[in-house]
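Chains as they are written, first to last, in my numbering: chain Y, 2 to 111; chain U, 9 to 122.
Cβ atoms here follow ideal geometry from the backbone N, Cα and C, with glycine treated the same way.
Right, dumping it as structure tokens:
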């Protein structure tokens with residue numbers, strides 16, 4: 002099956018700093034999503050981005066499908082950005098099953 | 009508020025006990041999923057359903073059973089709990105069809121098996 006690997010596993014930033022999170026996947030995919038899990042455990046969709054670039058405020062994401070990786074950029078980080086960021090791709094079939102990476106734990110210090 | 013509701017939020021079980029986790033969604037979504045989250049391993053799919061009356065196995069189905077008798081509810085059962093099933097369980101739902109439909113996750117159930 003498809004393997005999803007994220008790096009780095011942990012990241013500590015000072016408030017205001019920028020960061021880049023990476024997601025590599027082992028096979029062609031037709032769907033890639035980024036999620037944020039806040040410190041209270043809630044998972045929120047950030048981006049649906051099978052290819053190209055999208056931006057939403059201070060967050061943006063780029064997927065290069067031909068090279069099998071995606072990047073999540075966080076600019077001017079805030080303490081509320083803390084949590085775990087997951088990349089996930091669709092498994093086989095048309096059932097919406099997601100295969101998650103192991104996540105990047107981000108801590109933003111004031 | 010519309011969304012996915014999981015019951016209970018916390019539970020401690022003794023080895024060998026049984027329990028059922030309930031997931032309820034009020035968005036008329038066709039697809040529903042049960043994941044477990046363990047430290048350093050991301051989320052792994054246990055079982056899923058693409059419609060009322062249908063269920064299928066995911067990546068880690070052993071030790072779990074599911075049922076979807078009503079479209080809005082997806083139940084996850086542990087018949088004989090084991091310490092290896094200590095985890096945080098998440099339910100999710102989404103519309104069928106286009107792959108860019110977003111997922112809605114519940115707030116999780118933290119289960120400890122002693």
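**Request:** Would you kindly check if the distance between the Cβ of residue 17 (chain U) and the Cβ of residue 117 (chain U) is under 8 angstroms?
**Result:** Residue 117 (chain U) sits at position 109 when you count from the first residue of the second chain. Residue 17 (chain U) sits at position 9 when you count from the first residue of the second chain. Yes, the pair counts as a contact, with Cβ atoms nearer than the cut-off.
**Request:** Can you tell me which of the three DSSP states residue 68 (chain Y) falls into?
**Result:** The count along the first chain starts at 1 and reaches residue 68 (chain Y) at position 67. Three-state result, residue 68 (chain Y): helix.
**Asked** Nearest chain U C-beta to residue 96 (chain Y) closer than 8 angstroms, yes or no?
**Response** Numbered from its first residue, the first chain carries residue 96 (chain Y) at position 95. Judged by the 8 angstroms Cβ criterion, residue 96 (chain Y) is in contact with chain U.
**Item:** Spatial distance of residue 105 (chain Y) from residue 87 (chain Y) (CA atoms)
**Value:** The residue given as residue 105 (chain Y) occupies position 104 in the first chain. The residue given as residue 87 (chain Y) occupies position 86 in the first chain. Each residue's Cα considered, the two are about 7 angstroms apart.
**Request:** Check each candidate in Y:24, Y:102, Y:94, Y:11 and name the one with the smallest Cα separation from residue 64 (chain Y).
**Result:** Numbered from 1 along the first chain, position 63 holds the residue referred to as residue 64 (chain Y). The residue among Y:24, Y:102, Y:94, Y:11 with its C-alpha nearest the C-alpha of residue 64 (chain Y) is Y:24.
**Nearest candidate by alpha-carbon position, reference residue 9 (chain Y), set Y:22, Y:15, Y:48** = Taking the first chain and counting its residues from 1, one reaches residue 9 (chain Y) at position 8. Among Y:22, Y:15, Y:48, the Cα nearest to that of residue 9 (chain Y) belongs to Y:22.
**Request:** For residue 48 (chain Y), decide whether its Cβ has a neighbour in chain U, counting only Cβ atoms nearer than 8 angstroms.
**Result:** The sequence position of residue 48 (chain Y) within the first chain is 47, counting from 1. No, its Cβ sits nowhere closer than 8 angstroms to a Cβ of chain U.
**Message:** Which residue marks the beginning of the beta strand (DSSP E) containing residue 96 (chain U), and which one marks its end?
**Reply:** Position 88 of the second chain holds residue 96 (chain U). From DSSP, the beta strand (DSSP E) with residue 96 (chain U) extends over 95–102.
**Asked** What does residue 98 (chain U) reach in chain Y if we use C-beta pairs closer than 9 angstroms?
**Response** Working through the second chain from its first residue, we reach residue 98 (chain U) at position 90. In chain order: 42, 44.
**residue 28 (chain Y), buried or exposed, once every other Cβ within 10 Å from all chains shown has been counted against 16** = On the first chain, position 27 is the one that residue 28 (chain Y) refers to. Residue 28 (chain Y) is exposed by the Cβ-count criterion.
**Message:** residue 14 (chain Y) and residue 107 (chain Y) - do their beta-carbons sit closer together than 8 angstroms?
**Reply:** Taking the first residue of the first chain as position 1, residue 107 (chain Y) is located at position 106. Taking the first residue of the first chain as position 1, residue 14 (chain Y) is located at position 13. It is a contact, given that the beta carbons lie within the stated cut-off.
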